[in-house]
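Counting along the sequence shown from 1, when you hit position 13 you're at 13 in our numbering, and nothing is skipped either side. Glycine included, C-beta positions come from ideal geometry on N, C-alpha and C. Only a predicted model underlies this, so the values are computations on that prediction, with no experimental measurement involved. Inspection log for the structure reproduced underneath, given as structure tokens.
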Amino acid sequence: MHELPITENILKIANEHATQSGAARVTDLYLVIGQLSSIVDDSIQFYWDII
């Protein structure tokens with residue numbers, strides 16, 4: 001369940017970087033989740049689709 005706030009923070013960081021660079025929107029995001037991170041990548045994708 002901790003993947004939801006992580007996903008929200010990913011979105012927040014992406015939006016902050018877009019704003020700083022003058023981008024109108026983010027079209028792609030490349031994210032690498034390491035094996036030792038204890039983050040379930042399918043859960044991140046699930047929450048990403050929701051938010």
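Residue range of the unbroken alpha helix (DSSP H) whose run includes residue i
i: leucine 4; result: 3 to 21
i: aspartate 42; result: 41 to 50
Residue i (DSSP reduced to helix, strand or coil)
i: leucine 31; result: coil
i: serine 37; result: helix
Contacting residues, own chain, Cβ-Cβ under 6 Å from residue i (five flanking each side not counted)
i: isoleucine 33; result: Ile39, Asp41
i: phenylalanine 14; result: As written in the sequence, residue 14 is alanine, which differs from the phenylalanine given in the question. Answer for alanine 14: Val26, Leu29, listed in chain order.
i: isoleucine 44; result: Glu3, Thr7
Same chain, Cβ closer than 7 Å to residue i, neighbours up to 5 away in sequence not counted
i: leucine 11; result: Ile51
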